[in-house]
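**Q** Handing you a structure now.
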Amino acid sequence: MDKHGNVSQLFNKKFNFKKFTKIPKRIFESSKWSINTLQQKKIQLNNIKAQLGKYNLEEWSRHTKHNDPSSFVIKFLKQRVEPELVTQAWCKFYECLKQFQVIPDFNLMRNIRKYTSLHLCEAPGAFISALNHYIKLNYDNFEWDWIATTLNPDYEGNELGQMIPDNRLSRYTKENWCFGLDSTGDLTKYYNYEHIMNQVCGKVLLVTADGSINCMRDPGNQEIFVEYLFYCETITALSVLDRGGTFVLKIFTIFEQSTICLLYLLNISFDSINAFKPCTSKGGNSELYFVCTGFKGLELLDDIWESLREPYRNGTFNPEFSMFSLDEIPIQFLDCIEMCVDYFMSLQIETITNNIENFRKRDSLFLSSIHHTKVRVANMFLKRYRLKKIPIIYRLVPFEDINSNFYRITNTLEPVCRYNCSDIAGNNLENILCIKYGKKIEKLGFSHFCKTDYFDSINIFRKCFQDHCSLYNLAFIDVSAEYLILNKNDFDCYLYSQFQREFFNFFVCHDLDKDLIILDIPLVTNFLAGFFLLLCSVYEHISVYLNGSIVLSKINPKLKSRFNCIIKSIYSCYENLPQNMPFEVDITEIVSSDLLLYNQLYNIIYNYNNSLLNKIKL
Numbered sequence: 000m001d002k003h004g005n006v007s008q009l010f011n012k013k014f015n016f017k018k019f020t021k022i023p024k025r026i027f028e029s030s031k032w033s034i035n036t037l038q039q040k041k042i043q044l045n046n047i048k049a050q051l052g053k054y055n056l057e058e059w060s061r062h063t064k065h066n067d068p069s070s071f072v073i074k075f076l077k078q079r080v081e082p083e084l085v086t087q088a089w090c091k092f093y094e095c096l097k098q099f100q101v102i103p104d105f106n107l108m109r110n111i112r113k114y115t116s117l118h119l120c121e122a123p124g125a126f127i128s129a130l131n132h133y134i135k136l137n138y139d140n141f142e143w144d145w146i147a148t149t150l151n152p153d154y155e156g157n158e159l160g161q162m163i164p165d166n167r168l169s170r171y172t173k174e175n176w177c178f179g180l181d182s183t184g185d186l187t188k189y190y191n192y193e194h195i196m197n198q199v200c201g202k203v204l205l206v207t208a209d210g211s212i213n214c215m216r217d218p219g220n221q222e223i224f225v226e227y228l229f230y231c232e233t234i235t236a237l238s239v240l241d242r243g244g245t246f247v248l249k250i251f252t253i254f255e256q257s258t259i260c261l262l263y264l265l266n267i268s269f270d271s272i273n274a275f276k277p278c279t280s281k282g283g284n285s286e287l288y289f290v291c292t293g294f295k296g297l298e299l300l301d302d303i304w305e306s307l308r309e310p311y312r313n314g315t316f317n318p319e320f321s322m323f324s325l326d327e328i329p330i331q332f333l334d335c336i337e338m339c340v341d342y343f344m345s346l347q348i349e350t351i352t353n354n355i356e357n358f359r360k361r362d363s364l365f366l367s368s369i370h371h372t373k374v375r376v377a378n379m380f381l382k383r384y385r386l387k388k389i390p391i392i393y394r395l396v397p398f399e400d401i402n403s404n405f406y407r408i409t410n411t412l413e414p415v416c417r418y419n420c421s422d423i424a425g426n427n428l429e430n431i432l433c434i435k436y437g438k439k440i441e442k443l444g445f446s447h448f449c450k451t452d453y454f455d456s457i458n459i460f461r462k463c464f465q466d467h468c469s470l471y472n473l474a475f476i477d478v479s480a481e482y483l484i485l486n487k488n489d490f491d492c493y494l495y496s497q498f499q500r501e502f503f504n505f506f507v508c509h510d511l512d513k514d515l516i517i518l519d520i521p522l523v524t525n526f527l528a529g530f531f532l533l534l535c536s537v538y539e540h541i542s543v544y545l546n547g548s549i550v551l552s553k554i555n556p557k558l559k560s561r562f563n564c565i566i567k568s569i570y571s572c573y574e575n576l577p578q579n580m581p582f583e584v585d586i587t588e589i590v591s592s593d594l595l596l597y598n599q600l601y602n603i604i605y606n607y608n609n610s611l612l613n614k615i616k617l
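Residue numbers (numbering that gives the first Met the number 0): 0 to 617.
Structure follows, in structure tokens:
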């Protein structure tokens, strides 16, 4: 917004790069270089950001959100358009679609039999939803297929701080998601890149990349932390794009040689590249979207392609070398970089400065002006981009409302809850087994089966107490004649994968000829929750206690033999894990997660885990 209150300026934050064609010859051979003027700008920006350290983070976040002129856009969209999975990312990508020729015009599209897109680092799926909405509003009889990858929200080895554990879209569109060879969804692994290449049938016409890495420990060097991820996204995009295709890449600052080289690679590979700051991208951050249209074809890079991919194969950059030599990058391109940095940095500094000046400013005239501006921006967003509702049948998931919060709200556990197992799990053990393999989980990063904050500082599978006291031993002797007892303190496992295997081995070594007591065992993974489902399917009654114990009673003799067959099948899978893989393989699921989430069984497991883990924390 300019000084006269013209909000249309918020929609025109763009920078178009001049075109260059010179292809560098020396790839990752030149010593790492830097540009002094850009490094000085980096220091200047970081000094301004450092001023924010004196403010309370929570209060500052509320203040900047309140002052954000685009903060009513999502509210207005929900009220008037009702998009599917609408988020800030949805808004930003819809702006890209409307501001640039991301999809060729309709006349050109008639010659394309199927339009295929690939979406990298996509969770929860807002770019896909925005693209679907755009296509349904603007094209008739448009055959579109999409593939997406992201850090797998159902793989518990991924760290919560580096991922979005939101599976609202992916759980209903599983056939469209590719999580790589190791099921992690980690795009920085070359074997996952190769797996994606094999999954993509033919070339695609659009690739989006919305990845980032949590840099809170050193935000001033965010660009360095994300440089390898952005490189991997770019190599993947260039590998799959068809001639004439489009690549939309999110980046942040442009101070370092790695980003400059990456942008030059894009410049020579596409007919046009534009840097774009969407209106709905918060003005105080460094986020930019590079919209690259008119891919020239991978043949252009034939002579240097294998050298360009070398760091991907190695798993990292060589810290001593740059992608391109500085003297092989035209000085005119570096001038464009300087102008681009100056333009977007000035906008960012202006926003930060205004937020500082207006902190705790509460006079009625100012608050009224802010409110009026937000209403104008939201109205202009809908009008400028001609947004309308689409029929529910055109949604990605027409039979379910995925806009609701994906965090499940459940009732707290009573001191003791008793259930008939058939009511919560059924007694159908036929075809229930669904084995999935993935990278061995050494340390849990998150769980869908408990509150996420319980993973902050504890290793929940370590033995909590000393050897069993004499009273416990006496009680154990007394009840073991009638019960099988599975106690966490009978394990002492530092690694989760070790606990999982020993947990399973308990049932290999013990026949289910008695009632079962489970003590202090967190059922926090797909594997453990899945095994609990199997147990509930073979017993008739279950009692869940607030103190962290579960009693399963009265086994169904008709189902016991089927359960034993399932144990043998899982054991066989353990004995025959895939070999010669570039990572250690383990079983990650034994029943489909669809049977574990969003039902009464899930609520029981979720509340049991929370009460147990809260006790462990205390």
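Positions of the beta carbon are idealized from the N, C-alpha and C atoms, including for glycine.
Should residue 253 and residue 340 be called a contact, given that it needs their Cβ atoms to be closer than 7 Å?
**A** The sequence position of residue 253 within the sequence shown is 254, counting from 1. The sequence position of residue 340 within the sequence shown is 341, counting from 1. A contact, by the Cβ cut-off of 7 Å.
**Q** Taking the alpha-carbon positions, what's the residue 256 to residue 21 distance?
**A** Taking the sequence shown and counting its residues from 1, one reaches residue 256 at position 257. Taking the sequence shown and counting its residues from 1, one reaches residue 21 at position 22. Distance from the CA of residue 256 to the CA of residue 21, rounded to the nearest whole angstrom, comes to 18 Å.
**Q** Would you call residue 315 buried or exposed, if buried means 16 or more other Cβ atoms sit within 10 Å of its Cβ?
**A** Here residue 315 refers to the residue found at position 316 when the sequence shown is read from its first residue. Result: exposed.
**Q** Residue 450 CB to nearest chain B CB: under 7 Å?
**A** Looking at the structure shown, chain B is missing, and only one protein chain is on hand.
**Q** How close, in whole Å, do the beta carbons of residue 540 and residue 553 come, if the pair is a contact with beta carbons under 8 Å?
**A** In the sequence shown, the residue the question calls residue 540 occupies position 541. In the sequence shown, the residue the question calls residue 553 occupies position 554. Correct: roughly 5 Å between the Cβ atoms.
**Q** For residue 464, count the other beta carbons within 10 Å of its own beta carbon; 16 or more makes it buried, fewer makes it exposed. Which is it?
**A** Residue mapping note: residue 464 aligns to position 465 of the sequence shown, counting from 1. Residue confidence is low: residue 464 scores 49 on pLDDT, short of 50, so the model does not pin down where it sits. Its coordinate-derived value is still stated next. So residue 464 counts as exposed.
**Q** When the Cβ atoms of the region 262 to 280 are set against those of the region 291 to 300, are three or more pairs found closer than 8 Å?
**A** yes
**Q** Below 7 Å between beta carbons: does that hold for residue 183 and residue 154?
**A** Position 184 of the sequence shown, counting from 1, holds the residue named residue 183. Position 155 of the sequence shown, counting from 1, holds the residue named residue 154. Cβ distance < 7 Å, so residue 183 and residue 154 count as in contact.
**Q** Closest to residue 37 by CA distance: which of 240, 274, 342 is it?
**A** Here residue 37 refers to the residue found at position 38 when the sequence shown is read from its first residue. Checked all of 240, 274, 342; the closest Cα to residue 37 is 342.
**Q** Within this structure, are the beta carbons of residue 125 and residue 86 separated by less than 7 Å?
**A** In the sequence shown, residue 125 corresponds to position 126, counting from 1. In the sequence shown, residue 86 corresponds to position 87, counting from 1. Against a cut-off of 7 Å, the Cβ pair of residue 86 and residue 125 comes out as a contact.
**Q** Take residue 18 as the anchor and find which of 249, 384, 262, 601 has the nearest alpha-carbon.
**A** For the purposes of this step, residue 18 is taken as residue 19 along the sequence shown, with counting starting at 1. The option with the nearest alpha carbon to residue 18 is 262.
**Q** Between residue 33 and residue 324, is the Cβ-Cβ spacing less than 7 Å?
**A** Position 34 of the sequence shown holds residue 33. Position 325 of the sequence shown holds residue 324. Cβ atoms of residue 33 and residue 324: not closer than 7 Å.
**Q** Looking only at its chain, what residues have a beta carbon closer than 7 Å to the beta carbon of residue 222, apart from the 5 residues adjacent to it on each side?
**A** Here residue 222 refers to the residue found at position 223 when the sequence shown is read from its first residue. Contacts found: 251, 252, 254, 255, 258.
**Q** Going by CA-CA distance only, name the one from 502, 190, 151 that's closest to residue 173.
**A** As a working mapping, residue 173 is identified with position 174 in the sequence shown. Ranking the options by Cα distance to residue 173, first place goes to 151.
**Q** Within its chain, find whatever has a CB closer than 8 Å to the CB of residue 415; leave out the 5 residues flanking it on each side and keep chain order.
**A** If you number the sequence shown from 1, residue 415 lands on position 416. Within the same chain, residue 415 has close Cβ partners 542, 543, 544, 545.
**Q** Considering only residues of the same chain and omitting the five flanking positions on each side of residue 420, which have a CB-CB separation below 6 Å?
**A** For the purposes of this step, residue 420 is taken as the residue at position 421 of the sequence shown. These residues qualify, in order along the chain: 535, 538, 539, 541.
**Q** So if DSSP puts residue 514 in a beta bridge, which residue, or which two residues, is it bridged to?
**A** Here residue 514 refers to the residue found at position 515 of the sequence shown. According to DSSP, residue 514 bridges with 482.
**Q** Which stretch, first to last residue, makes up the beta strand (DSSP E) that contains residue 560?
**A** For the purposes of this step, residue 560 is taken as residue 561 along the sequence shown, with counting starting at 1. Per DSSP, residue 560 belongs to no beta strand (DSSP E); it is in the alpha helix (DSSP H), 556 to 574.
**Q** Comparing C-alpha positions only, which one of 71, 44, 519, 428 sits nearest to residue 491?
**A** Along the sequence shown, one-based indexing puts residue 491 at 492. Checking every option, the nearest Cα to that of residue 491 belongs to 519.
**Q** Got a sec, what are the start and stop residues for the beta strand (DSSP E) residue 89 sits in?
**A** The count along the sequence shown starts at 1 and reaches residue 89 at position 90. Not the beta strand (DSSP E): residue 89 falls in the alpha helix (DSSP H), residues 87 to 98.
**Q** Looking only at DSSP bridge pairs, what is residue 13 linked to?
**A** If you number the sequence shown from 1, residue 13 lands on position 14. According to DSSP, which records beta bridges pairwise, residue 13 is partnered with 275.
**Q** To which residues of the same chain is residue 531 closer than 7 Å at the C-beta, ignoring the five residues directly before and after it?
**A** As a first step, residue 531 must be located in the sequence shown, where it is residue number 532. Same-chain partners within the cutoff: 522, 604.
**Q** Please report the distance separating the alpha-carbon of residue 171 from that of residue 396.
**A** Here residue 171 refers to the residue found at position 172 when the sequence shown is read from its first residue. Here residue 396 refers to the residue found at position 397 when the sequence shown is read from its first residue. C-alpha separation (whole angstroms): 7 Å.
**Q** Would you grab the beta carbon distance between residue 116 and residue 83 for me? Rounded to a whole angstrom, and I think it's under 8 Å.
**A** Against the sequence shown, residue 116 aligns to sequence position 117. Against the sequence shown, residue 83 aligns to sequence position 84. Actually they are not in contact, since the Cβ atoms of residue 116 and residue 83 sit about 16 Å apart, beyond 8 Å.
**Q** Span of the beta strand (DSSP E) holding residue 119?
**A** As a first step, residue 119 is located in the sequence shown; it is residue number 120 there, counting from the start. 114 to 119 is the extent of the beta strand (DSSP E) around residue 119.
**Q** If contacts are defined as beta-carbon pairs under 8 Å, then residue 139 and residue 113 qualify, I think. What distance do you get, rounded to the angstrom?
**A** Your numbering for residue 139 matches position 140 in the sequence shown. Your numbering for residue 113 matches position 114 in the sequence shown. With 8 Å as the limit, residue 139 and residue 113 do not qualify as a contact, their Cβ atoms being about 15 Å apart.
**Q** My parser needs the alpha helix (DSSP H) runs of 4 or more residues fully inside the region 150 to 177; what are they?
**A** none
**Q** Just to confirm, are residue 485 and residue 517 a CB contact at a threshold of 7 Å?
**A** Within the sequence shown, the letter at position 486 stands for residue 485. Within the sequence shown, the letter at position 518 stands for residue 517. Contact: yes.
**Q** Pull up the distance between the alpha-carbon of residue 356 and that of residue 211, whole angstroms please.
**A** On the sequence shown, residue 356 is found 357 positions in, with the first residue counted as 1. On the sequence shown, residue 211 is found 212 positions in, with the first residue counted as 1. Cα-Cα distance, rounded: 30 Å.
**Q** With DSSP as the reference, identify every bridge partner of residue 147, one or two as the case may be.
**A** On the sequence shown, position 148 is the one that residue 147 refers to. Residue 147 pairs with 118, 176.
**Q** I need the straight-line Cα distance from residue 59 to residue 370, nearest angstrom please.
**A** Taking the first residue of the sequence shown as position 1, residue 59 is located at position 60. Taking the first residue of the sequence shown as position 1, residue 370 is located at position 371. Distance between the alpha carbons of residue 59 and residue 370 is about 18 Å.
**Q** At the level of alpha carbons, what is the spacing between residue 449 and residue 585?
**A** Here residue 449 refers to the residue found at position 450 when the sequence shown is read from its first residue. Here residue 585 refers to the residue found at position 586 when the sequence shown is read from its first residue. The straight-line gap from Cα to Cα measures roughly 22 Å.
**Q** Is it right to say residue 509 is buried, meaning 16 or more other beta carbons lie within 10 angstroms of its own, or is it exposed?
**A** Translated into positions along the sequence shown, residue 509 becomes position 510. Result: exposed.
**Q** Would you tell me roughly how many angstroms separate the C-alpha atoms of residue 470 and residue 488, rounded to the nearest one?
**A** Translated into the one-based positions of the sequence shown, residue 470 becomes position 471. Translated into the one-based positions of the sequence shown, residue 488 becomes position 489. Reliability of the predicted coordinates at residue 470 is poor, the pLDDT of 46 falling under 50, and the value obtained from them is presented with this limitation in mind. Looking at the two C-alpha atoms, the distance is approximately 15 Å.
**Q** Whole angstroms are fine: how far does the CA of residue 235 sit from the CA of residue 457?
**A** Locating residue 457 in the sequence shown gives position 458, counting from the first residue. Locating residue 235 in the sequence shown gives position 236, counting from the first residue. Interpretation of residue 457 is limited by its pLDDT of 47, a score under 50 that renders its predicted location unreliable; no figure is taken from the coordinates.
**Q** Grouping DSSP H, G and I as helix and E and B as strand, with all else coil, what is residue 530?
**A** The count along the sequence shown starts at 1 and reaches residue 530 at position 531. It is helical.
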